[in-house]
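Peer 1: Going by UniProt numbering, the first residue of the sequence shown is number 1, and it counts up by one from there.
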Amino acid sequence: FEISRMNVDGAPIAQLLHEQKIACILDEKSAEYEAQSNARREALTAAATEAARQKEREARQSGRAILTPRMLFEVPQEDLPLEQVLEKVFHAADEDKEGKLSHKDVADLLLASPLGLQRWDLLLLLAAAAHEDRQGYIRYQDFVQQAPGVIRTLRERRKVSA
1 FEISRMNVDG APIAQLLHEQ KIACILDEKS AEYEAQSNAR REALTAAATE AARQKEREAR
61 QSGRAILTPR MLFEVPQEDL PLEQVLEKVF HAADEDKEGK LSHKDVADLL LASPLGLQRW
121 DLLLLLAAAA HEDRQGYIRY QDFVQQAPGV IRTLRERRKV SA
């Protein structure tokens, strides 16, 4: 401490102590506000998760044809409603919402989907159900209507040959 900073009445020391006290109070309030914000955020996330789980439970109990992303991985591949899976996968991939995807995009999506298709199955499926327009795009609404029958046939053939 420098003696030159002190006055006889101690005003600079009192000022410094007051400023430190205010800084501590502000830090405490900031930490409290941040904790409340985090608690609110966690509560909202928990509520959204619980609402999604409740909706999924209701869908399973009522037997409605609702497919959630979690169901794609929990339900055996053979039990998946093919039309719904294909529609959700293609709709999610169609960022421009044009109702069409390139041939390569369709092939990549089908390989990555939980349908259990092998490369040979994919080639047969695309040959049978995918009809390209002049620009090389596949209208997935038409494809989704035809593909499930082809996929079921391919699965049956695989079971017979296994």
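By construction, the Cβ of each residue, glycine as well, lies at the ideal position given by its N, Cα and C atoms.
Could you tell me if Ile-25 is buried or exposed, where buried requires 16 or more neighbouring beta carbons within 10 angstroms of its beta carbon?
Peer 2: exposed
Peer 1: Under the three-state reduction of DSSP, which class applies to Glu-19: helix, strand or coil?
Peer 2: helix
Peer 1: In this structure, how does DSSP classify Ser-113 when only helix, strand and coil are distinguished?
Peer 2: coil
Peer 1: With a cut-off of 8 angstroms, does the C-beta of Lys-55 fall near any C-beta of chain B?
Peer 2: Chain labels in this structure do not include chain B; a single protein chain is all it has.
Peer 1: In the DSSP output, which residue or residues are listed as bridge partners for Arg-139?
Peer 2: Lys-100
Peer 1: Asp-121: which of Pro-81, Ala-52, Ala-51 and Gly-149 sits nearest, CA to CA?
Peer 2: Gly-149
Peer 1: Who pairs with Glu-132 in a beta bridge, going by DSSP?
Peer 2: Ile-138
Peer 1: Is the beta carbon of Leu-82 sitting closer than 8 angstroms to the one on Ile-138?
Peer 2: no
Peer 1: Would you tell me roughly how many angstroms separate the C-alpha atoms of Gln-146 and Ala-129, rounded to the nearest one?
Peer 2: 6 angstroms
Peer 1: Please state if the CB of Ser-113 and the CB of Val-144 are separated by a distance shorter than 8 angstroms.
Peer 2: no
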